[in-house]
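What follows is a set of notes on a single structure, which appears directly below.
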Amino acid sequence: MDQNISVTTLFFSFAADRMNAREVSVPLPKGSTLGQLIAEHLLPRLGSESQDWLFSVNQEWASKDRILHDGDEVAVIPPVSGG
Amino acid sequence: MDIMRLTEAPIDVNEALAAIADPACGAQAFFLGLVRNEFEGRASAGIFYDAYVGLAEKELVQIGQELKAEFDIRHVVLIHRVGDLPVGTASVLVAVASGHRPEAFRAAREGIDRIKARVPIWKQEHWANGTDSWHDDPSALT
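Chains A and B supply the protein sequences, listed in that same order. Residue 156 in our numbering sits at position 8 of the first sequence; the count goes up by one each step and never skips. Residue 42 in our numbering sits at position 39 of the second sequence; the count goes up by one each step and never skips.
Now the structure itself:
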């Protein structure tokens, strides 16, 4: 039986403007990777340059092959500009 | 003593001075970053600093640990302010203490460079004409 998970995805800076949201809950099939979340749900609205941005899962830097779990907190990190 | 954190409150230089005070240290290096009245020739009224607070604080702690491991410093303070800041306000402070000045200068320089390169914080310029734009936003380059 197919099972779905739900991940909380956070947006900052101009990524939040493009999504028109700071936080979105995204349903995904169980076993989905961070890369699948990005390709299927985020790239269309964030633009192709977002492929080169950094991402975190549960406040740790994460690679795109990271398997996501129900309740994970994903963050989209566009180029930073602190200082 | 070390301090690595984000803050919404004004940066307190005296708190940093007290944290790095140490009779074994003959050198203290300070860097204060301030909000400028222009960016790339365009008049600015201030900056809004957005941040992913949880990860930004972890990254500040990581950078502080790196500086202590790589340079011969005894204390480090890394504080970044977030929120709406007017021109002239301090947005970031790096303070280190060490036995002698060469490692203090090097560690302070490396500290601010790593903060700017890695910590998930973003600037939104409030232009003097009333419009806003995020730094590094490709769609803002018009």
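Glycine included, each C-beta is placed from N, C-alpha and C at the ideal position.
Residues that residue i contacts on chain A, provided the C-beta gap is smaller than 8 angstroms
i	result
ARG121 of chain B	VAL228
TRP130 of chain B	Under the 8 angstroms cutoff, chain A gives no residues; its nearest Cβ is about 15 angstroms from TRP130 of chain B.
Any C-beta of chain A under 8 angstroms from that of residue i
i	result
ILE6 of chain B	no
VAL95 of chain B	yes
HIS138 of chain B	yes
THR145 of chain B	In this prediction, THR145 of chain B has a pLDDT of 46, which is less than 50 and means its spatial position is unreliable; what the coordinates show is noted afterwards. With 8 angstroms as the cut-off, THR145 of chain B does not count as an interface residue toward chain A.
PRO141 of chain B	yes
GLY91 of chain B	no
ILE66 of chain B	no
Span separating the alpha-carbon of residue i from that of residue j
i	j	result
GLU197 of chain A	ASN168 of chain A	18 angstroms
ASP135 of chain B	ARG45 of chain B	12 angstroms
HIS83 of chain B	VAL155 of chain A	29 angstroms
MET149 of chain A	SER180 of chain A	Low confidence applies to MET149 of chain A: its pLDDT is 48, below 50, so where it sits in the model is not reliable enough to give any reading.
GLY183 of chain A	ALA210 of chain A	10 angstroms
LEU70 of chain B	GLY114 of chain B	7 angstroms
MET4 of chain B	GLN199 of chain A	40 angstroms
ARG123 of chain A	ALA111 of chain B	Past the edges of chain A, shown from 149 to 231, lies residue 123 of chain A, and the structure says nothing about it.
PHE159 of chain A	ILE215 of chain A	20 angstroms
ALA187 of chain A	LYS212 of chain A	10 angstroms
Minimum Cβ-Cβ distance from residue i to chain B less than 8 angstroms
i	result
GLU197 of chain A	yes
MET149 of chain A	Note that MET149 of chain A has pLDDT 48, beneath the 50 cutoff, so the model's placement of it is unreliable and the number below is only indicative. So, not an interface residue.
SER161 of chain A	yes
C-beta atoms of residue i and residue j nearer than 8 angstroms
i	j	result
VAL85 of chain B	ILE124 of chain B	yes
ALA32 of chain B	ALA93 of chain B	no
ALA100 of chain B	HIS129 of chain B	no
GLY230 of chain A	ILE118 of chain B	yes
GLU62 of chain B	ARG121 of chain B	yes
LEU58 of chain B	GLN207 of chain A	yes
ILE23 of chain B	LEU96 of chain B	no
ASP87 of chain B	PHE42 of chain B	no
Within chain B, partners of residue i - CB distance below 7 angstroms
i	result
ALA169 of chain A	Within chain B, no residue comes near ALA169 of chain A; the closest Cβ sits about 14 angstroms away, beyond 7 angstroms.
When Cβ atoms are compared, which residues of the stretch 180–207 of chain A fall closer than 7 angstroms to chain B? Per Cβ criterion, the list reads GLU197, SER204 and GLN207.
Using a Cβ-Cβ cutoff of 9 angstroms, what residues of the stretch 44–57 of chain B are near chain A? List them in chain order. Contact residues of the stretch 44–57 of chain B toward chain A are TYR52, ASP53, ALA54, TYR55 and GLY57 (C-beta to C-beta distance below 9 angstroms).
Under 9 angstroms, CB to CB, which of the residues in the stretch 207–226 of chain A have a partner in chain B? GLN207, GLU208, TRP209, GLU221, ALA223, ILE225 and PRO226
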